[in-house]
Structure formats: structure tokens, C-alpha cells
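Residue numbers are given in this note's numbering: position 126 of the sequence shown equals residue 257, and the series is strictly consecutive.
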Amino acid sequence: MSGQEVTYSTLRFLQSSPESQNTLRTDATQKPRKADGLFCFLKFIHFFHYEHLLIVSMLLILTFYYIQEKHEQEFLENLQQKYLILQVDNNLKEQLLKNKSLECDTLKNTSCQPKMKLESFCTEKTRYCKLCGHWSCLGVKCYYFVKEFKDWKGCKQMCQSHRSSLLKIDDYDELKFLQSQVCGDIYWIGLSYNGGEGKWKWTDNGTSGIDTKVMGMSPKGGECAFLTTTRIEHIDCSKTFYCICERRMDRLVPALLYGNKNR
């Protein structure tokens, strides 16, 4: 054992110098500062994006309100234009209505004058008969519906005595008008069958624009035509019905004027 060597070692603890300690402290403090700078940068980027989005949103809102306001303004202008058009149209219609009213008054005065002229032709007996008859006019014709029972010849003579004639129907419009006036009664008209000539004839020997089945018939004896609300028929002339006399206004007025000049 005495032959073995024993080696002893001494432990030394090295102390860092003040300079190295300061270096460590500096490195430790610099790392948080770098982290704070990155955080601030990211925060700035986030804030910048937020501001950018806010500005874009505000621009979009302002653009929307601008477009909406412009649309409302155009809509309002269109309404104002339509209102002006309607106002002008209404004024024109009012003017037309006034003109029509004046025309109507003129026509009323014109139609009343011939009616007064017609009544001036009536005798006292005729005026008495007006209590059971009436006048109606269509175009230039006026019709007197006499509610006295007479045979066909008696109606013809009565109309002639009052400067009129037994009714002659010229067209289907006139026929329709007269049928609306007879009110379910039966009236003699100025159409009769001439046995000598073998044909139907009107009292003025003229032609007519209507074609009735009566004119296609050839009765054996004397037959005359009468009018109802639905048809024209024929029967023996000795039967008694009411009468329809007619007078043309275009012939009456000149005759009255000519007669007044002679007076």
C-alpha cells in the first residue's frame, strides 16, 4: 500500500467578471424589447387594417346613400313631370267639356225652335189630341204618335191635314228607334199593297232601305202594314189602330221662313 501514489486536486470556482455580467444582463433585457417592438408593429398593422376597413365601409355607406338619394330625386322629378302632364290633360278635358256643354246648349236651342214651329201648325183639335200622343225626333225627322183609333185611310188623311205624312221607314236604325217608342201598341204606317200594280208601295211612292217579309207577300185584297215593338205585319186596312205621322225638319224650317217673309 505504501507503494501506491495518491493524487489530490483542488477545486476552484471561477467568478465572472463584472463586464461579463453586464453583457448577460444586456442580452436578457434586449430580447423583451425586440418582442415589444414586434407586438407594436403587429398592433399597428391591425389598427391600419381596421382603419382601412372603416374608411371603406364609410365610403360604401356614403355611396349607397348617394345612389339612393339620386334615385329618389329622379323618382320625384318623374312624379312632378307626370303631375304636370296630368294637370295639362285635365285642363284640356275641362276645356273640351265646356265646349261640349256649349255645343249641347246650342243643339238644344236649335232642336227646340223646330219643335215650337211644329206646334204652331197644330189646330185646337190637334192640341187636344196631344194629351194622348207625343212627339219624338230622330235626325231630321220628327214623329207624332197619335193615340186615336182609325183605319189606315183615316190615319193617312189625318196626317195630311196636319201637313205631315203617314210614317215611311227609311232604314233599320229608324225602325229600331220607332219600335222603342211604340211601347207595345200597334200603329199604322204608310205602307200598303197596291192591287192594280201588284206590289207594296209607300205613301210617297219612294223606296226604302228596309226589307221586310211583308213586301214579299201578295195578298188578294187590300192590305196595309202596321208596326209593333217586334215586327212589321199586314192586315186588312179597315182595322183600327193608332197612327204615326212624320214631318221632315229640313223641309219644315225653310217653309216656315218662306211663309214668314210672305207675311
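For glycine and all other residues, C-beta sits at the position ideal for the given N, C-alpha and C.
>> Tell me the residue span of the alpha helix (DSSP H) that contains Gly-285.
In response: 283-292
> Is Tyr-364 helix, strand or coil when you go by DSSP?
Replying inline: The question names Tyr, yet the displayed sequence has Glu at residue 364. If DSSP states are grouped into helix, strand and coil, Glu-364 belongs with the strands.
>> With a threshold of 8 Å, are at least 3 pairs of Cβ atoms found where one atom belongs to the region 362-376 and the other to the region 273-283?
In response: yes
> Per DSSP, which one or two residues make a beta bridge with Glu-395?
Replying inline: Residue coverage of the chain in this structure runs from 132 to 394, which leaves residue 395 outside it and unanswerable.
>> Tell me the rounded alpha-carbon separation between Leu-207 and Lys-213.
In response: Leu-207 and Lys-213: Cα-Cα distance of roughly 10 Å.
> Can you name the start and end residues of the beta strand (DSSP E) that Lys-332 belongs to?
Replying inline: Annotation: the continuous beta strand (DSSP E) that includes Lys-332 extends over 330-333.
>> By alpha-carbon positions, which one of Cys-355, Leu-217, Ser-349 and Asp-316 ends up nearest to Trp-333?
In response: Cys-355
> What is the DSSP secondary structure of Ser-251, reduced to helix, strand or coil?
Replying inline: Confidence is the limiting factor: at Ser-251 the pLDDT is only 47, short of 50, which leaves the residue's position unreliable, though a coordinate-based value still follows. Helix, per DSSP.
>> Measuring straight from C-alpha to C-alpha, what distance separates Thr-361 and Ser-339?
In response: 19 Å
> Between Glu-364 and the rest of its own chain, which residues show a CB-CB distance below 8 Å, the 5 nearest in sequence each way excluded?
Replying inline: Only Val-345, Ala-356 and Phe-357 meet the Cβ criterion.
> Roughly how many angstroms lie between the CA atoms of Gln-312 and Gln-211, to the nearest whole one?
Replying inline: 52 Å
>> Here's the rule I'm using: 16 or more other beta-carbon atoms within 10 Å means buried, otherwise exposed. How should Lys-287 be labelled?
In response: buried
> Considering only C-alpha positions, which residue in the set Phe-178, Ile-176, Gly-270 and Ile-375 is nearest to Gln-291?
Replying inline: Ile-375
> Is Ser-369 helix, strand or coil when you go by DSSP?
Replying inline: Per DSSP, reduced to three states, the secondary structure at Ser-369 is coil, with no helix or strand assignment.
>> DSSP three-state label for Cys-314, please.
In response: coil
> Are there 16 or more other CB atoms within 10 angstroms of the CB of Ser-232, so buried, or fewer, so exposed?
Replying inline: exposed
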